[in-house]
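Quick mapping for you: the protein sequence lines, in order, are chains A and B. First residue of the first sequence? That's 15 in my numbering, and the numbers climb one at a time after it. First residue of the second sequence? That's -14 in my numbering, and the numbers climb one at a time after it. Ideal placement from N, C-alpha and C gives every residue a C-beta, glycine not left out. The model shown is predicted, which means the values in this text are computed figures rather than measured ones.
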Amino acid sequence: DVKVTQSSRYLVKRTGEKVFLECVQDMDHENMFWYRQDPGLGLRLIYFSYDVKMKEKGDIPEGYSVSREKKERFSLILESASTNQTSMYLCASVPITYMNTEAFFGQGTRLTVV
Amino acid sequence: GQQLNQSPQSMFIQEGEDVSMNCTSSSIFNTWLWYKQDPGEGPVLLIALYKAGELTSNGRLTAQFGITRKDSFLNISASIPSDVGIYFCAGQLRAGANSKLTFGKGITLSVRP
Chain A
15 DVKVTQSSRY LVKRTGEKVF LECVQDMDHE NMFWYRQDPG LGLRLIYFSY
65 DVKMKEKGDI PEGYSVSREK KERFSLILES ASTNQTSMYL CASVPITYMN
115 TEAFFGQGTR LTVV
Chain B
-14 GQQLNQSPQS MFIQEGEDVS MNCTSSSIFN TWLWYKQDPG EGPVLLIALY
36 KAGELTSNGR LTAQFGITRK DSFLNISASI PSDVGIYFCA GQLRAGANSK
86 LTFGKGITLS VRP
C-alpha cells in the first residue's frame, strides 16, 4: 500500500513563527501536492512539485513556500505564520502514469496559529 | 482556480436510504475520481473513472463518468452510519508529469440511525 505520511497531526504555532510541514511518501511518486482545506471552500492547491527541486505555484501560494530536495519528501513552509493560515493541510502524491491517475493523501495536519 | 461544482454542501439521510451526488464542470476532464474523507483524516479514493460513459461499482458505491466528460455522479445504496463524511469529486484533464487534479468543494453526508 502507498503510504503518505505527514509529520504532525496537530500543530499550534504563534503568529510570526516560521512553520515547517513535512510530507513523505514511500512509493517513488514524481508528483507531490500541498492543499489547504477550509469549511465551505474545499481543497485549494497551494504548491505542487513534479520532480526534485522543481516547484509550481498552485491557486493560493501567497504566504507559503515549498522545498523538494529529495523525491520522497515535500515540505511546506510558512515563512511568518498568520492567523488566517489556521487550517487543515493535506499532502498528496501522484505517480506519473499516462493511463491512470490516483492521488494518495496523507492524514492531514491541523494547524492553529494563535 | 477552477473548481468542480458539487451541491448541496450538506445532505442528511436516513440509514438504509440511497443517496446520489452529482459533480459538474464547465470544461471536460479525462479522469474523474471520487474521494471520501472521514472526520480528522485525509481523503481516501473510492472510485476512479477513466472513460466517458464508464459505470463502475465498489460494493454499495456506483459511479459514472458522464458521456459529455463534464460530469460524474456517485450513488451510495442502503446507507449505513459509517458512510458519514465528506465526499469530494476530482477531475483531471491529462495524466503524467505536471498534472493537477481539480476538486469540488465536497458534500458533507450525515446519516441518521
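Pick from F(-3)(B), G70(B), N(-10)(B), Q22(B) that is closest to L104(A), judged by C-alpha positions: Here the question's residue 104(A) lines up with position 90 in the first sequence. Residue Q22(B) is the option with its Cα nearest to L104(A).
task: Give the secondary structure of S5(B) by DSSP, where H, G and I count as helix, E and B as strand, and everything else as coil.
output: Along the second sequence, read from residue 1 onward, the residue named residue 5(B) stands at position 20. Of the three classes helix, strand and coil, the one that applies to S5(B) here is strand, per DSSP.
task: Compare the Cα-Cα distances from A33(B) to each of L86(B), P98(B), K90(B) and report the closest residue.
output: As a working note, residue 33(B) is residue 48 in the second sequence. Measuring from the Cα of A33(B), the nearest candidate turns out to be L86(B).
Chain A contact for G44(B) (CB, 8 Å cutoff): Looking up residue 44(B) in the second sequence gives position 59. Not one chain A Cβ lies under 8 Å of G44(B).
- prompt: If you compare alpha carbons, which of D65(A), P75(A), K32(A) is closest to S107(A)?
  reply: To locate residue 107(A), count along the first sequence from 1; it is residue 93. Out of D65(A), P75(A), K32(A), D65(A) has the C-alpha closest to the C-alpha of S107(A).
- request: Run down chain B in chain order and give the residues with a C-beta less than 8 Å from the C-beta of V108(A).
  value: The residue given as residue 108(A) occupies position 94 in the first sequence. Those are S84, L86, listed as they occur along chain B.
- request: Give a yes or no on whether 8 Å exceeds the smallest Cβ distance from F119(A) to chain B.
  value: Translated into positions along the first sequence, residue 119(A) becomes position 105. It does: the Cβ of F119(A) has a partner Cβ on chain B nearer than 8 Å.
message: Using the three-state DSSP reduction, which class does D52(A) fall into: helix, strand or coil?
response: Residue 52(A) sits at position 38 when you count from the first residue of the first sequence. In this structure, D52(A) counts as strand in the three-state DSSP scheme.
task: Classify K90(B) as buried or exposed, calling it buried when 16 or more other Cβ atoms lie within 10 Å of its own Cβ.
output: To locate residue 90(B), count along the second sequence from 1; it is residue 105. It is buried - the Cβ of K90(B) has at least 16 other Cβ atoms within 10 Å.
message: Within a Cβ cutoff of 6 Å, which residues of the same chain sit near F88(B), ignoring the five residues on either side of it in sequence?
response: Translated into the one-based positions of the second sequence, residue 88(B) becomes position 103. For F88(B), where only same-chain residues beyond five positions count, the Cβ hits under 6 Å are F73, A75.
query: If you draw a straight line from the alpha carbon of K71(A) to that of N45(A), how long is it in whole angstroms?
result: Here residue 71(A) refers to the residue found at position 57 when the first sequence is read from its first residue. Here residue 45(A) refers to the residue found at position 31 when the first sequence is read from its first residue. About 13 Å.
- request: Mind checking who D56(B) pairs with in its DSSP beta bridge?
  value: For this step, residue 56(B) is matched to residue 71 along the second sequence. Paired residue(s): T9(B).
message: Whole angstroms are fine: how far does the CA of K84(A) sit from the CA of V29(B)?
response: For the purposes of this step, residue 29(B) is taken as residue 44 along the second sequence, with counting starting at 1. For the purposes of this step, residue 84(A) is taken as residue 70 along the first sequence, with counting starting at 1. Whole-angstrom Cα-Cα distance: 25 Å.
query: Taking Cβ-Cβ distances shorter than 7 Å, what residues in chain B pair up with F62(A)?
result: Locating residue 62(A) in the first sequence gives position 48, counting from the first residue. Near F62(A) (Cβ distances below 7 Å), the residues of chain B are K85.
task: Would you check if the region 28 to 43 of chain A and the region 76 to 95 of chain A touch, i.e. whether three or more CB-CB distances between them fall below 8 Å?
output: yes
field: 6 Å Cβ shell around G38(B) - same chain, five flanking residues per side excluded
entry: The sequence position of residue 38(B) within the second sequence is 53, counting from 1. Correct list, in chain order: I52.
- prompt: Along chain A, in chain order, which residues have C-beta atoms closer than 9 Å to that of G89(B)?
  reply: Counting from 1 along the second sequence, the entry for residue 89(B) is found at position 104. Those are G56, L57, listed as they occur along chain A.
message: Quick check on Q(-1)(B): buried or exposed, where buried means 16 or more other Cβ atoms within 10 Å of its Cβ?
response: Here residue -1(B) is taken as the residue at index 14 of the second sequence, counted from 1. Answer is exposed; the Cβ neighbour count stays below 16.
query: With respect to the beta strand (DSSP E) encompassing S94(A), which residues constitute its N-terminal and C-terminal limits?
result: As a working mapping, residue 94(A) is identified with position 80 in the first sequence. Taken as a continuous stretch (DSSP letters only), S94(A) belongs to no beta strand (DSSP E), as it is neither H nor E.
- prompt: Listing by chain order, which chain B residues have their CB less than 8 Å from the CB of G122(A)?
  reply: For the purposes of this step, residue 122(A) is taken as the residue at position 108 of the first sequence. Here the neighbours are G25, E26, G27.
query: Is the beta carbon of N60(B) less than 8 Å from the beta carbon of T41(B)?
result: Against the second sequence, residue 60(B) aligns to sequence position 75. Against the second sequence, residue 41(B) aligns to sequence position 56. Taking 8 Å as the Cβ cut-off, N60(B) and T41(B) do not qualify as a contacting pair.
- prompt: Is Q(-9)(B) near I92(B), with beta carbons less than 8 Å apart?
  reply: For the purposes of this step, residue -9(B) is identified with residue 6 of the second sequence, where counting begins at 1. For the purposes of this step, residue 92(B) is identified with residue 107 of the second sequence, where counting begins at 1. Taking 8 Å as the Cβ cut-off, Q(-9)(B) and I92(B) qualify as a contacting pair.
- prompt: In the region 24 to 95 of chain B, which residue ranges form an unbroken beta strand (DSSP E) of at least 3 residues, counting only runs that do not cross its ends?
  reply: 29 to 34, 40 to 43, 46 to 50, 56 to 61, 70 to 77
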